[in-house]
Structures are given as C-alpha cells and as structure tokens.
C-alpha cells in the first residue's frame with residue numbers, strides 16, 4: 002500500500018487532454034493531426050515506389066478535375082455550415098444536458114489517423130493493426146471492471162444497446178443449454194429435474210459445456226438450445242430489470258424473441274435504485290409459479306437519474322437463492338457508469354479500501370472540496386460489479402471518446418461458445434487475436450478506427466484514480482456541488498414571484514442531477530409541469546438554435562406508469578400534495594448531466610455559480626412571460 | 002430521353018474523388034481538412050465570447066501540462082507506427098483481396114469534420130444537424146433502390162449484419178400480426194383461417210395495421226404479436242436463404258429466436274445464384290406440411306462470389322404463390338451490390354431501358370471496352386429490386402465511405418409500427434426528422450458523423466450512371482477484363498511446370514473473381530487445394546506484413562456441405578475428376594475483389610496485366626518451392 006502514490010497522479014493533466022472550450026489546445030491538435038495525415042500519405046507513397054502515379058499532370062489540371070474538387074469543397078462547406086448552425090456545444094460549461102462533454106483529443110486524433118487506413122475489425126485479415134487493439138481495449142475494460150483478465154473477455158460494440166442485446170443473447174442461450182444436454186446426452190445430467198436444469202448456476206452450465214465437449218456431443222447439444230430450435234414462448238422464464246432501465250432492454254426482449262410479457266420491471270425506491278425487497282418478492286412469486294428467471298439486470302448509472310443499483314445486494318441475493326436451488330444470469334448495465342469504477346482503483350487496478358479511497362480523493366486533488374461521496378453503499382456496489390456475468394460499458398459515454406463506441410465485458414469467456422459460429426471452440430487454442438471476430442459477436446463489419454480511438458485513450462489516460470478516475474471524479478464532484486448549492490439556494494425570484502427549486506435526490510449517486518421548479522404556493526402539478534416544460538424549451542433547441550443560448554439542458558418525465566410512486570416525495574417537497582400526484586401521475590424535470598470535467602475545478606466556481614443562478618432566473622422570467 | 006446526356010457525366014472526375022494510390026490529392030486533402038478543423042475551432046471560440054478561457058498561460062506552460070501532451074503524442078506515434086506496419090494497402094491496384102478500396106475524400110473529410118461536433122443520431126436533440134442528414138441519406142438509398150421516396154424509409158446502420166437483423170425482425174413481427182388481430186379483435190379478420198392469416202401478403206397486413214388503429218386496438222394487438230408474447234418454437238414457419246448467403250443470416254435466425262432449424266438454405270446453381278426451381282420445390286414442400294414461409298432472402302452480390310440472385314424470378318414466384326393463397330416477406334440482401342443499381346439509373350433516377358443503358362455504358366465512357374455486361378438476366382434482377390419489402394445496402398462497401406456505415410431501405414414505412422417503441426405511430430404526423438430515431442431502429446446511440454460522411458458522399462457523387470454508376474461500372478469492367486484475360490492466359494509456367502488457371506464462373510455477375518490454379522495433369526483435389534492455399538499465403542498477411550508484398554488477395558473455401566455440387570464443373574475444368582470432388586468435397590479458391598476504380602481505366606492496362614501475370618508466376622514459384 003505504501004506504493005500507492007508512486008505513479009504521480011499529476012502525470013496526466015486533465016486540461017491538456019481536451020481541445021478545450023475555447024479550442025485552447027488548437028495548435029497542438031492541428032499540428033498533431035497534420036503529422037498523422039502526413040504519416041499516412043507517405044505510407045501510401047512509399048508502397049512500391051516503382052509504381053507510377055496514376056494521375057497525369059494534364060488530368061489534374063483539367064477543368065473537370067478542378068470542378069470535382071470544387072464540388073467536393075462546396076459540399077463540405079455546406080456541411081460545416083450546417084454543423085455550426087445547430088450543433089450542441091458539448092464542450093462548454095453552459096451545456097449541461099445529455100451525457101455529453103468535450104471528448105479526448107487523443108481519441109479523436111487516433112480515430113482520424115486510423116480511419117484513413119480504414120480497417121474492419123470483423124476479420125483479422127482486414128484489421129491486422131486494430132483487431133489486437135480491440136482485444137487490448139477489451140481487456141482494459143474487463144480489468145477495470147474487476148474481471149480476471151485471463152479468463153474474461155471484452156470487446157467494442159457500436160453502442161450500449163447492442164451490448165445489452167449481446168448480454169441477453171448469452172443469458173438466453175445459456176439458460177437453454179442444460180435442457181438441451183438432457184435431450185441429447187441425458188447421462189450428463191442424470192437425476193436432475195427440468196426445474197433444476199433451468200436453475201443451474203452459470204458456472205455449472207459452463208462446466209457442462211466442457212463435459213459436452215469431452216463427450217463429443219457439444220455441437221449436437223448446441224443445436225438443441227434455443228439457437229437451433231427457436232425460443233419457445235415463455236419456456237425459459239422471465240427477465241427482471243429495474244423500472245429505471247434504459248429502453249433498449251424493452252427492445253432486447255422483443256428482438257431476442259423472449260417477448261415483452263416475459264420482461265418484468267421491478268419497482269425502484271426513492272433513490273431510483275431497484276428496490277431489493279421488491280426484487281426478492283418478484284423472484285419468489287415467479288418461483289412459486291415455477292417460472293424460471295432468465296436474468297436479473299442491475300444498472301450502474303441510470304440514464305435518466307444517474308442512479309446506481311445496489312449491485313452488492315443483488316449479488317448477495319443470487320448467492321442466497323443458489324443455496325435454495327434457484328439461479329439466474331446477472332448482467333450489469335453500466336453503459337453509463339462503467340468507467341467510473343476507475344475512481345476506485347489504484348495504479349495496479351486494485352480496488353481501494355474505503356478509507357484510503359476517501360483520503361486519496363482529497364489528497365490526489367480529484368476533489369477540490371470534501372464530500373460525503375461515496376457512501377458505503379455506493380462503494381459496495383462498485384466493488385461488487387465483477388460478480389456480474391457480463392457488463393455493458395460504453396467508451397462513448399464516460400470514456401470521453403467520440404461516437405460510436407459501446408462495449409461489453411464478459412466474466413467467463415467460455416460462454417462465447419454458446420453464441421459463436423464457425424469456430425465452435427473459440428479460445429481453446431489460447432490465441433489472443435481472433436481471426437474472425439464477427440463469428441462470436443453480434444455485429445459484423447466494424448470500424449477498426451473505433452478500436453484505435455479507445456485503445457489510444459486507454460494508453461494515454463490510466464484506467465484508475467490517476468486518470469479516468471480524476472476526470473470522472475471531477476464530474477461527480479460537480480454534481481455534488483451543484484446539489485449543495487441548489488440546497489442553499491432553495492428558491493429564486495423572478496418578476497416578483499418566488500420559485501422553489503428541488504433536486505430529485507439529495508445525494509446524487511453519480512453525475513446527473515434532475516431538478517424542478519415550482520411557484521411558491523402552487524399546488525397544481527400540471528401547472529408545475531408546464532413551468533418546467535417551458536424552462537426546458539427556453540434552455541434547449543426547442544426555442545431555436547442553441548448557439549446564442551445562455552444555458553442548454555435536457556429534460557425527462559417521470560411517470561407513475563414507469564416509476565410507481567418513486568417520485569412522490571420529490572413532488573411533495575415542491576409543495577404538491579400527494580393526491581395531486583395521484584391525479585396527474587407524472588412530473589417533468591430538468592435533467593442536468595454534468596460530464597464536463599472543468600466545472601468543479603474552475604478557478605472561480607463561486608462566480609460561475611452566481612452567474613448560473615442569474616441565467617436560471619432569466620429563464621424563469623422567460624418561461625412565465627409567454 | 003433526349004435530355005439524358007444533359008447532366009454532363011464528366012461533372013465528376015473519378016480520380017479527383019479519391020486521395021489516390023500515391024496520395025496524389027494530398028494537398029487538397031490537407032488544406033480542406035485544415036479549413037474544416039479551423040471552422041470547428043472558431044465555432045468553439047465564438048460561442049459566448051464573454052466566457053473566459055479556462056486554461057491559464059501558466060498552466061499551459063507547466064511541466065505536467067507538457068508531459069500530458071508528450072504522452073498523447075507518444076501514444077499517437079505508436080499508433081501510427083502500428084497502422085503503417087501491418088495495414089492493408091486498399092488504395093493500391095496491388096490489393097485485390099477483400100471488398101475494399103480507397104474511400105472517397107469527401108466522406109473521410111466530412112466524417113472528420115462532423116466528429117468534432119460528436120453528434121449522436123439516436124435522438125434529434127443530440128444531432129440537430131446530422132439526423133436530417135441521415136434521413137436524407139436514407140431517402141437517397143431508397144430512391145436509388147427504386148422505392149417511392151414518399152412512402153419508403155431508409156436509415157444508416159452500423160453494418161449489413163444489423164440491417165439483416167432489422168429486416169428479419171420486421172418480417173417476424175409482421176408475420177405474427179394477423180393472428181394477434183384474431184386474438185384481440187376477431188371481427189377484423191372474420192372468416193379467415195389461421196393458415197390464411199399466416200399467409201397474408203405484406204401489404205394486406207399493413208392494411209390490417211391501419212384497421213386495428215382505427216378500431217383503437219392496435220396497441221393491444223401489437224402486444225399479442227411475438228414482440229409481446231415471445232416467439233413460439235417454429236409456429237411462424239421458416240426463413241429461406243440461398244446457400245451463398247452471408248453468415249450474418251445464420252446469426253440472425255439465432256438472435257431473433259427463430260432458430261437455425263427453421264432456417265433453410267436453398268441450393269445455388271453453377272453460377273452461385275439461388276436455384277429458382279429448388280426454391281419453388283422447397284416452398285412447396287413446406288406448404289404441403291402446412292409450415293408457413295416467414296421470408297425469402299435474395300442476395301445481390303454474394304460476398305464470396307459476387308453472384309446476383311435472380312431477383313425478378315423470386316418476385317414473380319411470390320406473385321404466383323399469392324394467387325394460390327401463399328405469401329411471405331421478401332428481403333434483398335444487397336449489402337454488397339446495392340450501390341451498383343446506380344449504374345442502371347439516369348440523371349433523374351429512372352431505370353434505363355436496356356438498349357439505352359448498353360449504349361451509355363460505352364458513350365459515357367463508363368466502360369473503356371465493349372462487354373457483354375449486363376446480361377438481360379442481371380438487368381432484370383436489378384430492375385426488380387424494389388419488389389422486395391426491405392433491402393440491406395452498405396455505404397461502407399460500394400458506397401466507398403469508411404467503416405462503419407451499413408444501411409437498410411424499407412418499401413413501406415408503415416411497417417415501422419411493428420418494431421417501434423414509445424411512438425406507436427411513427428410517421429403519421431408526416432414529420433421528416435424523428436425526435437427519437439432510436440425508438441424505431443434496432444440500434445441506439447450512433448455516430449452522426451457517419452451520416453455526415455454518407456450524406457456528403459451522396460451530395461458529391463450522383464447516385465446514377467454519371468456518379469456512383471461510373472465508379473462501380475469501372476470496377477465491374479475490371480472484373481470482366483480480368484476474366485477475359487484469364488481466359489486468354491489459360492496457363493502459366495513456373496519452374497518448368499505448367500499450371501492451369503480457371504475463373505469460378507465465365508461471366509462474373511459483379512466485381513468479384515474467384516479463381517484457382519492446378520498443375521497440369523494433377524488429378525488430386527487435395528494437392529490442388531494445397532497449392533492454392535500456399536498461393537494465398539504467399540499473397541496475404543499470412544506470409545508476413547504485406548507492405549513489401551507484390552500482390553495481396555483473399556481466399557475462400559467452397560465446400561459440398563455449404564454449396565452442394567455447385568463448384569463441381571469448375572473443379573472439372575481444372576482437370577479434377579468428378580469422383581475426386583465427391584471424395585474431398587471442398588475447393589480452395591483465390592478470391593479477388595476488384596473494387597479499385599482505376600484498374601480498367603489505367604492508361605497502359607496491357608502493361609499492368611503483363612506485370613500482374615509475372616507476379617502470379619513468381620507466386621507460383623514461391624508456392625511450389627516450399
């Protein structure tokens with residue numbers, strides 16, 4: 002432990018990693034880009050120097066040649082104008098809307114460099130440079146999430162949605178494996194009932210895969226899993242997700258043939274985390290009806306509230322059920338929050354002890370101030386993440402790389418045999434770079450440039466408290482500060498009226514704050530919702546191109562249909578009576594994602610905050626003057 | 002028709018569209034890139050000029066700041082070195098392997114420009130500039146494929162695999178709709194048997210969707226389709242694909258819960274096109290067993306052979322079956338060949354008459370020589386493409402844009418209601434730009450930069466015979482020339498031995514040539530396969546980094562298991578007796594994709610060809626000397 006401060010946390014200066022809100026690093030960016038382009042162009046020229054140029058000078062000087070270049074320039078000018086006219090100023094502290102911010106220079110430059118070589122990671126032959134980078138980046142993710150890099154596996158997907166599909170795909174095929182064994186080679190599961198086979202723990206199923214291979218019947222068994230036979234309506238059971246899940250899970254149940262009716266949403270608590278007691282009741286109720294559980298999904302960083310499900314509790318629950326002969330697959334959707342596990346890791350990727358972490362957050366200057374974050378509960382949730390069987394994690398969210406870069410990490414790579422094609426035994430030869438990545442992932446052709454971008458980001462920014470931990474820690478601190486400042490503010494005055502303001506939760510789990518305003522004394526929820534809708538319109542593209550806007554945010558609606566009574570207390574804090582919540586059943590909130598790593602650390606944060614309150618006040622004036 | 006030559010086909014000079022094998026257009030590329038980067042950087046600076054710079058000069062000059070920049074540079078240098086060491090020289094005429102070539106400058110530049118704005122096309126709010134570009138690009142694709150732009154729909158996917166999934170997802174959900182109507186509102190399908198409901202033509206099902214909406218029971222019906230209930234094993238029937246299909250279809254049957262057993266591969270003929278008489282027999286056999294057909298898939302440009310399925314015949318077959326009360330969904334997988342439909346279109350996107358087309362191919366200088374291409378059969382296949390219900394088409398293949406950019410076009414956008422979430426009635430308000438694209442496509446977050454790249458390419462290169470048609474026409478001509486030259490060559494001598502060479506087919510449907518060598522007199526297929534495997538190794542990354550290699554190609558194996566006896570005649574032409582084919586059952590071929598648009602048009606093509614033959618001869622020497 003003495004060595005913890007060895008890797009100087011200041012090796013990486015956050016400000017030097019981004020182009021910056023005023024393009025502060027523009028010279029560096031342009032020079033480096035120029036260098037990379039030159040590298041590529043010389044690479045082309047140096048390939049078989051004996052080959053002639055195919056463009057004659059006459060051709061290049063011809064009118065039509067120039068016309069084509071002019072046409073190209075014209076289209077690109079038009080594109081640039083369109084981009085400038087309406088794009089979102091993610092880079093600015095004035096943008097606090099969706100989960101976006103400036104992205105890492107190194108990731109952008111790496112993408113641009115690799116793009117000219119146009120590798121396709123579907124097959125090694127088409128991506129000899131970038132397939133190994135994807136494998137390395139996948140290993141980085143798996144390691145950061147706490148998996149054993151030797152037995153786990155990770156790769157880049159186009160987005161979190163596809164990663165979620167892939168997780169459920171594995172869970173689904175795995176669930177049907179033991180019954181398929183019974184059909185093809187019953188001796189391997191002798192004495193086990195169908196119910197037992199449907200409740201076999203993941204590791205045991207994977208053991209059975211090995212047994213089937215040894216017995217030479219693996220291919221035959223696999224073709225009797227749902228991948229061969231198709232899904233039988235409801236025969237595999239149900240998938241349990243928290244109400245706060247991303248909507249891609251609803252699509253996943255449809256796409257994978259499981260059906261939305263077998264997709265059960267579990268009530269969240271007042272902190273918008275899955276209620277563990279309700280989860281338990283839901284499992285019990287299904288078990289009582291002899292309906293198996295295909296999978297339970299926990300969310301680390303819900304996209305609307307930034308909530309962190311109690312991963313440790315879910316893992317404990319599964320362990321307890323396994324003692325009773327019940328088991329299921331466990332997937333963590335950390336598309337949003339995944340990278341924030343870096344905050345909890347030391348320079349050797351070891352999960353920091355709670356007290357050490359608390360100290361380092363301050364001594365390493367991740368946090369400027371002292372905060373209660375993280376609570377023990379949050380800490381335990383992060384610690385327990387590797388108890389999941391697979392985890393969605395998106396580099397294009399908290400990895401600060403450009404779209405499109407999602408990702409998935411899988412605890413035990415043996416599970417790939419259940420979704421792979423061609424190569425039945427993917428990793429048995431111990432090869433590191435697969436020859437045909439496309440044969441055991443959901444997608445096919447994929448940009449090697451994405452892998453280059455993620456790989457270069459990981460090589461530049463350590464995946465621990467000194468790198469990503471610091472960047473993301475700052476965004477978390479900004480959310481903590483924002484909430485405290487909101488608490489101190491209580492209300493704002495505009496045009497002689499007083500408006501209460503309340504955050505959705507008092508201690509944000511991550512870096513999203515939801516909040517709403519209400520005119521003091523107003524007890525009508527519809528009126529309050531209208532006010533916040535107007536505030537959102539004033540602070541978004543809805544009121545016109547945002548380039549001149551003082552502040553840009555996003556919004557969301559929390560309804561009784563989606564969340565039960567979870568938002569009830571929040572609404573009450575704003576002076577809305579409970580019966581009004583029951584009548585209207587939905588509340589509109591401003592959703593403020595604070596990914597920008599420069600806010601908490603800003604030299605004159607107090608000035609920034611005061612300026613911000615004044616902007617909010619003006620927005621209120623605008624909203625009530627319509 | 003008199004106006005056909007109005008739009009001067011020389012408006013676009015092919016050579017001015019690409020960076021070029023010797024980086025011939027490097028100055029243009031770099032200057033334009035610089036301009037686009039400046040545009041973005043000034044855009045940042047001009048956003049609220051009153052905001053201070055957040056980086057102080059002191060900070061920028063600090064040691065740690067410079068250290069971070071150095072670290073970034075170091076990683077990027079390493080990346081560049083890795084890319085140069087092993088990447089594939091797609092740009093060169095020496096690369097004739099996978100379906101890759103140089104990509105359009107405009108697409109690369111547009112991607113790079115848009116990437117800094119980092120739009121996410123999952124939601125309009127996060128991509129105010131690039132979601133409309135995706136909609137436009139989708140419309141371009143639908144129009145080029147012959148769909149009515151007013152009623153059709155198209156969008157960009159990450160790749161053809163996902164587009165294929167999406168097509169099958171729609172087909173599957175659609176198939177289950179009529180039975181769901183019967184369950185919820187039987188009066189709407191009064192008097193119809195289950196069999197009739199499972200054989201309702203696509204347009205009628207979509208009519209039924211409208212009726213269900215009118216009756217106010219659409220949501221209830223939809224939740225009784227497979228999306229709500231899950232797929233029932235085999236209850237929806239089977240999917241028919243040609244043996245030559247891409248392997249993503251096998252994955253699709255698994256992912257979508259249909260099951261590989263319900264996925265039937267139809268024998269291809271000697272030209273590697275789906276055998277229509279076998280297709281008919283296969284349909285009849287299933288119908289006789291009362292097993293419905295979910296979908297038939299035709300391929301325009303098989304990835305191994307470049308074969309074009311007889312789309313017109315498939316469409317005719319469906320029409321004939323519909324008269325007998327049998328129907329199914331029809332998807333065309335034109336991931337590879339889709340853009341080549343541009344060759345058949347005039348400046349107003351009208352499908353050219355056969356004789357006019359033949360004339361223009363020569364008079365517009367698309368072709369340098371006179372070729373039999375296209376045959377009537379091929380012509381009719383392209384013409385019939387819009388008879389499909391949905392079509393996969395990949396911009397990152399024959400659209401000459403960088404990865405990852407797949408796409409799908411859908412004939413009747415009403416079908417989206419069967420896969421959409423949140424917005425039940427997607428297009429009813431006639432809005433052009435959806436607010437949440439992610440709610441009715443398979444994916445979620447997606448790079449707006451991809452849309453910008455494809456959009457800019459389409460704006461620069463016309464999607465007709467004067468633009469993409471000319472580029473792709475050249476690649477097709479190169480394949481024709483290659484085949485004729487191979488025919489004239491017949492055999493090559495190396496180290497005193499004579500080696501026969503044969504193309505897989507005598508008239509390539511598109512721009513892929515497969516070929517194999519055999520030592521004259523050798524009747525052993527295994528020996529022949531070993532020779533071609535060695536030739537491949539000599540001409541690929543297998544024998545080391547390809548940068549010094551004279552020629553780079555790809556290879557594939559055609560087996561009896563996958564193709565039945567389709568390769569038999571080819572093998573016989575090389576002097577291998579039929580019984581040997583029966584014994585060994587697989588043949589290794591070199592797979593030569595000729596996407597490079599500079600080969601046919603090369604000033605001294607005869608010199609190029611002679612040089613190439615000499616390279617091949619040396620490869621043969623290398624292969625037999627091991």
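Protein chains in written order, with my numbering: chain A, 2 to 627; chain B, 2 to 627. Don't be surprised by glycine CBs; every beta carbon is placed ideally from N, CA and C. No experiment lies behind these values; they were computed from the predicted model shown.
query	result
Rounded to whole angstroms, what is the Cα-Cα separation between residue 626 of chain A and residue 523 of chain A?	17 Å
Within the 7 Å Cβ cut-off, does residue 77 of chain A reach chain B?	yes
Is it right to say residue 636 of chain B is buried, meaning 16 or more other beta carbons lie within 10 angstroms of its own, or is it exposed?	Because chain B is modelled from 2 through 627, residue 636 of chain B falls outside the range shown and cannot be assessed.
Between residue 329 of chain A and the rest of its own chain, which residues show a CB-CB distance below 6 Å, the 5 nearest in sequence each way excluded?	294, 296, 297
Going by DSSP in three states, residue 429 of chain B sits in which element: helix, strand or coil?	The predicted model places residue 429 of chain B with a pLDDT of 47, which falls under 50 and marks its position as unreliable; any figure quoted below should be read in that light. DSSP places residue 429 of chain B in coil when its eight states are reduced to three.
My understanding is that residue 591 of chain A touches residue 515 of chain A, with C-beta atoms under 8 Å, so please give their C-beta distance in whole angstroms.	7 Å
Please tell me whether residue 56 of chain A and residue 90 of chain B are closer than 7 Å, where the distance is taken between their beta carbons.	no
Output needed in chain order: residues of the stretch 437-470 of chain A with a Cβ under 8 Å from some Cβ in chain B.	439, 440, 443, 444, 445, 446, 447, 448, 449, 450, 451, 453, 456, 457, 460, 461
If the cut is a Cβ gap below 7 Å, which residues of chain B does residue 45 of chain A touch?	22, 23, 24, 92
Which chain B residues are close to residue 574 of chain A, counting only those with a beta carbon under 8 Å from its beta carbon?	The contacting residues do not exist; residue 574 of chain A stays about 28 Å from chain B at best.
Counting only runs that start and end within the stretch 349-394 of chain B, where is the alpha helix (DSSP H) found for 4 or more residues in a row?	355-364, 377-385
What's the C-alpha gap between residue 587 of chain B and residue 409 of chain A?	37 Å
Grab me the residues of residue 398 of chain B's own chain with a C-beta within less than 7 Å of its C-beta, minus the 5 sequence neighbours each way, in chain order.	100, 336, 337
Does the beta-carbon of residue 479 of chain A have 16 or more other beta-carbons within 10 angstroms, so that it is buried, or is it exposed?	buried
To be precise: take each residue of the stretch 216-231 of chain B, compare its Cβ to all Cβ atoms of chain A, and keep it if any distance is under 7 Å. Which residues remain?	224, 227, 228, 229, 230, 231
Here's the rule I'm using: 16 or more other beta-carbon atoms within 10 Å means buried, otherwise exposed. How should residue 602 of chain B be labelled?	buried
Measure the CB-CB distance between residue 232 of chain A and residue 232 of chain B and report whether it falls below 7 Å.	yes
What's the call for residue 423 of chain A, buried or exposed, on a 16-neighbour Cβ count within 10 Å?	exposed
Out of curiosity, what's the CA-to-CA distance linking residue 135 of chain B and residue 421 of chain B?	18 Å
Can you pull the chain B residues whose beta carbon is under 8 Å from the beta carbon of residue 106 of chain A, in chain order?	73
Measure the beta-carbon distance from residue 122 of chain A to residue 406 of chain A and round it to whole angstroms, keeping in mind my assumption that it falls under 8 Å.	Not a contact, Cβ separation roughly 12 Å.
Using a Cβ-Cβ distance under 7 Å, would residue 590 of chain B count as near chain A?	no
Kindly indicate if chain A contains any beta-carbon less than 7 Å away from that of residue 127 of chain B.	yes
Which ranges would you report for the beta strand (DSSP E) in the stretch 114-172 of chain B if only whole runs of at least 3 residues count?	154-158
For residue 468 of chain A and residue 343 of chain A, which I take to be in contact (beta-carbon distance under 8 Å), what is that distance rounded to the nearest angstrom?	7 Å
Give the DSSP bridge partners of residue 332 of chain A, in chain order.	A/298, A/391
Classify residue 311 of chain B: buried if its beta carbon has 16 or more other beta carbons within 10 angstroms, exposed otherwise.	buried
Give a yes or no on whether the minimum CB-CB distance between residue 162 of chain B and chain A is below 7 Å.	yes
Specify the secondary structure class of residue 204 of chain B as computed by DSSP and reduced to three states.	helix
For a quick check, are the C-beta atoms of residue 600 of chain A and residue 307 of chain A less than 7 Å apart?	no
Could you tell me the distance, in whole angstroms, from the CA atom of residue 302 of chain A to the CA atom of residue 71 of chain A?	47 Å
On the criterion of 16 or more Cβ atoms from any shown chain inside 10 Å, does residue 58 of chain A qualify as buried, or is it exposed?	exposed
Taking 8 Å as the cut-off, does the stretch 355-362 of chain A touch the stretch 176-196 of chain A (at least 3 CB pairs, one atom from each stretch)?	no
For residue 476 of chain A and residue 305 of chain B, what's the separation of their Cα atoms in angstroms?	49 Å
Just the Cα atoms here: how many angstroms apart are residue 427 of chain A and residue 208 of chain A?	With a pLDDT of only 49 at residue 427 of chain A, under the threshold of 50, the placement of this residue in the model should not be trusted; the figure read from the coordinates follows. Approximately 16 Å, taken between the alpha carbons.
Out of curiosity, what's the CA-to-CA distance linking residue 17 of chain B and residue 526 of chain B?	46 Å
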